[in-house]
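Take 110 as the starting number for the sequence shown in this note's numbering and just add one per residue.
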Amino acid sequence: MKQRDVNLYVAEVMNNHLGRLNAIKFQDIEAIIVPMGATKKQIREAIRILRSHRKAISSRPNVGYYLDKTDMVGCKTWLENLRIAKGILPITPKSLSWV
Numbered sequence: 110m111k112q113r114d115v116n117l118y119v120a121e122v123m124n125n126h127l128g129r130l131n132a133i134k135f136q137d138i139e140a141i142i143v144p145m146g147a148t149k150k151q152i153r154e155a156i157r158i159l160r161s162h163r164k165a166i167s168s169r170p171n172v173g174y175y176l177d178k179t180d181m182v183g184c185k186t187w188l189e190n191l192r193i194a195k196g197i198l199p200i201t202p203k204s205l206s207w208v
């Protein structure tokens, strides 16, 4: 399956999950899209690409992925702190540089 198609399918799935209370776990996204011919790597890349195109995809451990523009600044801060703790450079990934 082409990456462009995976991006569209992930965007469709994410449009149904607005707000943290309506989050979807990666395994659930995978269960929907992998049978269509995508791989886990393509799904992760699709999320990264959608974020870089200013799609407000937030995520939290043990919660899942969801759409919420107001939560993006907090997501960026949390991710930067994680990357600092693990010594990963650059501190801000490309996908969140627009926030």
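No residue lacks a Cβ here, since even glycine has one placed at the ideal position from N, Cα and C.
Beta-ladder partner(s) of Ser168, from DSSP: Looking at the DSSP output, Ser168 bridges to Tyr174.
At least 3 beta-carbon pairs within less than 8 Å: the stretch 131-138 vs the stretch 171-191: With the cut-off at 8 Å, the stretch 131-138 and the stretch 171-191 touch.
Beta-carbon proximity list for Met181, same chain, < 8 Å, skipping 5 on both sides: Answer for Met181: Ala165, Ser167, Leu205 and Val208, listed in chain order.
Strand pairing of Leu127, partner residues [DSSP]: According to DSSP, which records beta bridges pairwise, Leu127 is partnered with Leu176.
Rounded Cβ spacing between Val115 and Ile152 (contact assumed at less than 8 Å): In this structure Val115 touches Ile152 by the C-beta definition: roughly 6 Å separates them, less than 8 Å.
Lys185 classed as buried or exposed, judged by whether at least 16 other C-beta atoms fall within 10 angstroms: So Lys185 ends up on the buried side.
For Ile158, three-class secondary structure by DSSP: Secondary structure at Ile158: helix, using DSSP grouped into helix, strand and coil.
Residue from Leu127, His126, Thr179 and Tyr118 with nearest C-alpha to Val143: It is Tyr118.
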